Amino acid sequence: MDSKKAYQELLSLERTVGLWTSVDAVLGWDESTYLPEAAVGLRGEQKALLASTVHDLVTNPRIGDLLTIVQDSPLATDEEVAANLREFRRAHDRATKLPPSLVHRIALASTRGREAWIEARRRSDYSLFQPHLESLLKLRHEECSALGFCENPYDAMLDHYEPGTRTQGIAGILDALKRELVPLIDRVRGSSQKSSLEALKAHYPVESQYEFGKATVVALGFDLKRGRIDTTTHPFCSGFGPMDVRITTRYDTTFFPSSFYSLLHEAGHGLYEQGLKEEKFGQPMGAACSTAIHESQSRMWENLVGRRHSFWQHFYPKAQKVFSPLQSISGDEFVRAMNHVELSPIRVEADEMTYNLHIILRFELERAMLDGDLHTRDLPGAWNEKCKQIFGFTPPSDALGCLQDVHWSGGDFGYFPTYALGNMYAAQFFEAAERELGNLDAQFSQGQFGQLREWLRRKIHCQGQRYIASELCQKVTGLELSHEALIRHLTKKCDTFYG
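For the record, in the sequence shown the residue sitting at position 415 is 416 according to my numbering, with numbers rising by one throughout.
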């Protein structure tokens, strides 16, 4: 068969996979936003059916035949074609190792687990969720065994989000980060220059928060003609394709920054999704590089941009017009509060400096569960003990402890480390952007975010999966991933606000 015709057929088949995956994402978004409580059972069956359908499509022997034809042809020397072939082969090989019945059971258990988690979190009753977590762990172990990661099942989970990444490497880079992070946090805690969030605690109407947040993310470049903003329990972003990207947040009427920064975070994800090449939909060249690279975009806009003095030079006068409690707070006082450092029990509300300690806690616990060193019935006690070791306190309830995150309810083990990797990638990318674009603070203070956005689009978004994450980092920054840029950023912040 002619290799060009084979490649076009392959692209057609994979676009069909992309469309079905997009349909599944729509159902997932609806499940987290507007699904009636009584419809959970039906939604579980719908998603399980879709998961089985996608699995059947990806494991189609015809895809394997077409891959062989194209890989043995001159077409494979083209860089974009080679990237597509690499990732098509990876997905095909991984999927063919998984029994269809296992794929169906995982999808069903994930939906049921999420609903059980919501109720358990609401009632702060871990016992309602524990059987579901146990079931999901067993299913993931089956998956790891099928994939061939029997010795270290956590490697299989990491490989799903960060291809080629292994547990030992992640542990090493997190240990290096922790060694320099803890003394920096201790320095902040011992500083006489204290900041406080108390001045920001007031009444902030949801409608006003929504309008201000929407105006801000639009100013950053999020296109509402190709996306929307909704409310949910746990903020997330869903990209159904470059022309349909949904972001969500949740609102606290007594503390404006909570919703605002979760929205900036999800808008960062949304900008990445909207920056992917529309014509490459269904291809690896039209998909995000990795989960950690995706997180780098959200963390960059949330923290490296959204907490800067220059950012608020532009937006704070607008915020003061919308929120009357801010009219009595100076811009400098507000920015200091936005960069407040305090050890707290909630990951999504943690400040930029202590956030990675939350990731390290979860990384260590989920590794222990997957390795069989920690039984799910003992998770609350293990969580509280480790929280005491790392943060110096015990969470007041399981809702504020081991039940606070949605990830384990879907069996998404191995996801948490991507947040810390994303923080490191973000700092390294931002340094590279400043070297190439010049004084970004001068641009931000004038409300100009286009140069950074387009730099990210050109250097990262439009690259799709041309490179794996480690290669992309080298291409963009000239360096391997390291914790050093993040530590430099946090140290500078410490010097600025804590002396």
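Glycine residues also receive a C-beta, built at the ideal position from the N, C-alpha and C atoms. Just so we're clear, the structure is a prediction, and the values are computed from it rather than from any experiment.
- The alpha carbon of Gly448 has as its nearest neighbour, out of Val306, Thr234, Leu14, the alpha carbon of Val306.
- Counting every other CB atom within 10 Å of its CB across the protein chains shown gives Ser329 a total below 16, marking it as exposed.
- Here Leu76 is near Lys5, since their CB atoms are less than 8 Å apart.
- Nearest to Ala26 by C-alpha distance, out of Cys238, Gly402, Trp384, is Cys238.
- C-alpha of Val218 to C-alpha of Leu265: approximately 7 Å in a straight line.
- Between the alpha carbons of Ile186 and Asp496 lies a distance of about 12 Å.
- Within the stretch 154-213, the alpha helix (DSSP H) runs of at least 4 residues that lie entirely inside it are, in chain order, 154-162, 168-190.
- For Gly423, the enclosing alpha helix (DSSP H) has its first and last residue at 418-438.
- From the listed residues Pro346, Ala172, His408, the smallest Cα separation to Pro397 is found for Pro346.
- Shown here, Val477 sits in a helix according to DSSP, grouped into three states.
- Listed in chain order, the non-local C-beta contacts of His93 below 8 Å within the same chain comprise Val59, Thr60, Ile64, Gly65, Leu68, local neighbours out to five positions each way being set aside.
- Taking each of Asp57, Ser209, Ala121, Lys215 in turn and checking the Cα distance to Leu103, the smallest one comes out for Asp57.
- Only exposed fits Tyr35, as fewer than 16 other CB atoms lie within 10 angstroms of its CB.
- Nearest in C-alpha terms to Thr166, of all of Ile488, Leu327, Leu482, is Leu482.
- Approximately 6 Å separates the beta-carbon atoms of Arg337 and Phe498; this is inside 8 Å, confirming the contact.
- Excluding the 5 residues flanking it on each side, Glu432 has same chain C-beta neighbours closer than 6 Å at Ala486, in chain order.
- For the options Ser128, Gln466, Asp3, Val477, the alpha carbon positioned closest to that of Leu277 is the one of Gln466.
- Leaving aside the five residues that flank Glu435 on each side, the residues in its chain whose CB is nearer than 8 Å to its CB run, in chain order, Leu441.
- Counting along the chain, no alpha helix (DSSP H) covers Cys290, and no H or E run does either.
- Cα atoms of Glu163 and Ser33: separation of roughly 25 Å, rounded to the nearest angstrom.
- If you check the CB distance, Phe445 and Phe312 come in under 8 Å.
- Contact between Gln429 and Cys474 holds, with the beta-carbon distance rounding to 7 Å and staying under 8 Å.
- A straight-line Cα-Cα distance of about 35 Å links Tyr356 and Leu99.
- The beta carbon of Thr255 sits closer than 8 Å to the beta carbons of Lys202, Ala203, His204, Tyr205 from its chain, once the five residues preceding and following it are set aside; these are given in chain order.
- Non-local beta-carbon contacts of Ala157 in its own chain, meaning distances under 6 Å to residues more than five positions away in sequence, involve Cys145, Leu148, Phe150 in chain order.
- Its chain contains Leu12, Glu15, Asn85 as the residues whose beta carbon lies nearer than 7 Å to that of Gln284, once the 5 sequence neighbours on both sides are disregarded; these appear in chain order.
- According to DSSP, Arg115 shares a beta bridge with no other residue.
- If only uninterrupted beta strand (DSSP E) runs of at least 3 residues are considered, those enclosed by the stretch 212-294 are 228-232, 238-242, 245-250.
- Around the beta carbon of Gly214, 16 or more other beta carbons sit within 10 angstroms, so the residue counts as buried.
- Contact between the stretch 411-430 and the stretch 240-249 is not established, with fewer than three Cβ pairs separated by less than 8 Å.
- Arg91 and Tyr8 have their C-alpha atoms some 16 Å from each other.
- With a 10 Å radius around the Cβ and a threshold of 16 neighbouring Cβ atoms, Phe394 comes out exposed.
- Under the DSSP assignment, His310 falls in the alpha helix (DSSP H) whose first and last residues are 310-323.
- Taking a contact to require three or more Cβ pairs closer than 8 Å, the stretch 314-332 and the stretch 290-303 do not qualify as touching.
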